[in-house]
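A.B. asks:
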Amino acid sequence: MTEKEKTKIMFIMRKSPHGSILAYEGLEAILIMGAFEQEISVVFIDDGVFVLKKEQDTKPLGVKEFSRTFRTLEDYDITNIYADRESLEQRGLSADDLIIPVKVVEAGEITKIMDEQDVLFPF
Amino acid sequence: MLHTINKSPFFSNNLESCLRFAKDGDPIMLYEDGVYSAAAGTKIESIMKGALKKHPVYAIEADVKARGITKVLEGVYLCDYSCFVGLVEQHKVSSWF
Chain D
8 MTEKEKTKIM FIMRKSPHGS ILAYEGLEAI LIMGAFEQEI SVVFIDDGVF
58 VLKKEQDTKP LGVKEFSRTF RTLEDYDITN IYADRESLEQ RGLSADDLII
108 PVKVVEAGEI TKIMDEQDVL FPF
Chain Y
73 MLHTINKSPF FSNNLESCLR FAKDGDPIML YEDGVYSAAA GTKIESIMKG
123 ALKKHPVYAI EADVKARGIT KVLEGVYLCD YSCFVGLVEQ HKVSSWF
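So the sequences go chain by chain: D and Y. Add 7 to a position in the first sequence, counting from 1, and you land on the number used in the numbering used here. Add 72 to a position in the second sequence, counting from 1, and you land on the number used in the numbering used here.
#1: Is residue 143 (chain Y) close to chain D, meaning its C-beta is less than 7 Å from at least one C-beta of that chain?
#2: Identify the residues that DSSP records as bridge partners of residue 76 (chain Y): which are they?
#3: Per DSSP, residue 150 (chain Y) forms a beta bridge with which residues?
#4: Mind checking whether residue 131 (chain Y) and residue 150 (chain Y) have CB atoms under 7 Å apart?
#5: Kindly say whether residue 93 (chain Y), judged by its beta-carbon, lies nearer than 7 Å to any beta-carbon of chain D.
#6: Could you have a look at residue 36 (chain D) and say whether DSSP puts it in helix, strand or coil?
#7: Are three or more beta carbon pairs between the region 36-50 of chain D and the region 64-73 of chain D nearer than 8 Å?
#8: Can you tell me whether residue 64 (chain D) is helix, strand or coil according to DSSP?
#9: How would you list, in chain order, the residues of chain Y whose beta-carbon sits under 7 Å from the beta-carbon of residue 117 (chain D)?
#10: Quick one: list the residues of chain Y neighbouring residue 28 (chain D), beta-carbon separation under 8 Å, in chain order.
#11: Mind checking if residue 167 (chain Y) is an interface residue toward chain D, Cβ cutoff 7 Å exclusive?
#12: Kindly indicate if chain D contains any beta-carbon less than 7 Å away from that of residue 80 (chain Y).
#13: Using DSSP with H/G/I as helix, E/B as strand and the rest coil, what is residue 15 (chain D)?
#14: Determine, for residue 95 (chain D), whether the minimum Cβ-Cβ distance to residues of chain C falls below 7 Å.
The following block contains the structure:
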């Protein structure tokens with residue numbers, strides 16, 4: 008498949024990790040789509056930025072700790088990973104608090120990137 | 073890009089996030105509880121008036137009527153499902169839920 012035929016797909020992660028199943032489902036969808044070698048990008052907005060928070064310990068809660076699974080995204084060549092600066096700041100977070108490297112960008116930049124996509128998958 | 077919102081603006085920040093990331097001129101479709109954003113006289117009226125200057129805003133009339141919303145903000149297009157389908161055909165879709 009040539010570069011031109013690749014579909015540009017963006018996953019929009021807006022939900023916290025343990026309040027609903029959405030963030031986990033989003034991760035699974037990203038990994039599945041990653042196997043199809045499309046042009047994937049992921050953006051973390053609103054409570055979605057909490058998904059990448061370091062030092063999540065879900066043992067007492069008895070649920071799966073899936074944030075570290077985001078480290079596997081680079082194995083799928085998914086490196087276009089963004090976080091909304093305002094969402095991070097509002098929640099007292101910075102890039103250093105996140106489990107994987109992300110590009111911290113302004114809303115206007117995210118708007119542009121969204122506009123370039125063929126498909127958006129919100130979670 | 074067509075942006076869709078189906079939650080009440082008093083329950084979630086979906087409207088605000090949508091407006092933060094939507095490009096000027098992008099249409100916004102309010103349906104289900106999203107239509108509460110189209111009601112006049114609420115605390116988000118000023119936000120919506122700002123949105124109406126930048127975006128065509130549509131609301132599903134059946135959802136508006138079902139909720140007893142009789143005063144709709146000026147400039148909001150009330151529309152039916154075929155209008156919704158028409159917009160989806162013309163645009164990529166970003167749903168805020």
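All C-beta atoms, glycine included, are put in the ideal place defined by N, C-alpha and C.
C.D. replies: Inspection of the coordinates gives the following:
#1: Residue 143 (chain Y) is outside the set of residues whose beta carbon lies under 7 Å from a beta carbon in chain D.
#2: Answer is Y:101 and Y:167.
#3: In the DSSP output, where bridge partners are listed per residue, residue 150 (chain Y) has Y:131.
#4: A contact, by the Cβ cut-off of 7 Å.
#5: Yes, its Cβ sits closer than 7 Å to a Cβ of chain D.
#6: Three-state DSSP puts residue 36 (chain D) in a helix.
#7: No: fewer than three Cβ pairs fall under 8 Å.
#8: Of the three classes helix, strand and coil, the one that applies to residue 64 (chain D) here is coil, per DSSP.
#9: Chain Y residues near residue 117 (chain D): 93.
#10: Here the premise fails: no neighbours, minimum Cβ distance about 14 Å.
#11: Interface annotation, residue 167 (chain Y): in contact with chain D, CB-CB separation under 7 Å.
#12: Taking Cβ atoms only, chain D never reaches closer than 7 Å to residue 80 (chain Y), which makes this a no.
#13: Shown here, residue 15 (chain D) sits in a strand according to DSSP, grouped into three states.
#14: Chain labels in this structure do not include chain C; the protein chains are D and Y.
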